[in-house]
Amino acid sequence: MSIAQNLTRIKTQLPEGVKLVAVSKFKPVSDIQEAYNAGQRAFGENRVQELADKQLQLPADIEWHMIGHLQSNKIKYMAAFVHLIHGVDSFKLLQEIDKQAVKAGRTLNCLLQIHIAQEETKFGFDKNEVTEMLNSDAFKALTHVQICGVMGMATLTDDESQVRGEFRTLKQLFDELKTRFFANSAAFKEISMGMSGDYSIAVEEGSTIVRIGSSIFGSR
Ligand SMILES: *Cc1c(COP(=O)(O)O)cnc(C)c1O
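Residue numbers (my numbering): 5 to 224.
Here it is, written out as structure tokens:
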């Protein structure tokens with residue numbers, strides 16, 4: 005199946021209001037252009053250098069999503085154009101994003117990455133850490149970051165009930181944070197969860213953004 009056919013098939017499975025981010029990491033710009041020609045506008049990359057290289061070569065109306073683990077010293081390369089940073093997993097990183105946003109003269113949209121999987125290797129805040137940060141004066145002092153919601157990755161497993169449980173945990177935490185910290189924020193509305201292998205479950209559990217790579221572009 006072609007990239008355009010894959011996009012069509014996936015989009016018919018997504019409810020209205022769930023955004024599809026096409027994850028194009030390691031894929032050539034020609035693949036992205038093909039998806040763009042089929043109407044796709046939101047793309048996700050997990051390395052800043054690759055993101056910046058591709059952004060230069062592709063149409064200006066693409067919405068670029070940074071979905072991977074971030075290093076503080078790389079933020080400057082995308083601050084001028086990135087649409088949404090999904091993987092914010094420490095206050096230190098958020099502070100640096102704020103600093104680069106000031107320099108770029110923009111407000112940068114961020115999602116707080118929450119650790120929901122069993123695997124030790126996946127990055128993210130736990131509930132206590134995120135609560136502590138949101139309560140802190142240092143957090144409240146940031147001026148150029150907008151927290152738009154949360155992001156999480158489920159355990160890589162065939163156990164559907166485990167994956168569902170992890171997504172449900174993320175949705176519950178989102179609801180709790182919304183009530184406690186973001187009741188007056190129209191921007192805090194996104195739950196980025198679901199990849200090629202688990203997006204149907206994620207959507208059932210309340211995802212608002214799915215990040216899908218291999219089901220669109222083929223395996224990497
Ligand atoms: C690679 C990646 C995806 C997409 O994974 P697929 O299984 O190819 O759909 C989604 N989210 C993150 C954070 C990724 O790194």
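Glycine included, each C-beta is placed from N, C-alpha and C at the ideal position. Small disclaimer: the values here were computed from a predicted structure and weren't measured.
Remark: fewer than three beta-carbon pairs, one from each stretch, lie closer than 8 angstroms, so the stretch 122–142 and the stretch 190–203 are not flagged as touching.
Within its own chain, the residues whose Cβ lies closer than 8 angstroms to the Cβ of F127, once the five positions on either side in sequence are excluded, are H73, G91, D93, Q117, H119, listed in chain order. When C-alpha distances from M70 are compared across G48, K78, F85, the shortest belongs to G48. For ligand 1, no non-hydrogen atom lies closer than 6 angstroms to the CB of N10. Residue environment: K107 is assigned as exposed (fewer than 16 neighbouring CB atoms within 10 Å of its CB, all protein chains considered). S6 and E133 have their C-alpha atoms some 43 angstroms from each other. About 12 angstroms separates the beta carbon of M199 from that of R224, a gap too long to meet the 8 angstroms contact definition. Near ligand 1, residues with a Cβ at less than 5 angstroms from any of the ligand's heavy atoms are V27, N50, I71, M199, S200, R215, I216, G217, S218; the list follows chain order. Excluding five sequence positions before and after L174, the CB atoms of its chain that fall closer than 7 angstroms to its own CB belong to I118, I120, V154, G156, I195, M197, given in chain order. If you draw a straight line from the Cα of S211 to the Cα of L138, it comes to about 22 angstroms. For E209, the secondary structure class from DSSP, reduced to helix, strand or coil, is coil. Residue pairing by DSSP puts N113 in a beta bridge opposite Q150. Nearest Cα to Q150 within the set R110, N10, A56: R110.
A straight-line Cα-Cα distance of about 10 angstroms links G222 and D35.
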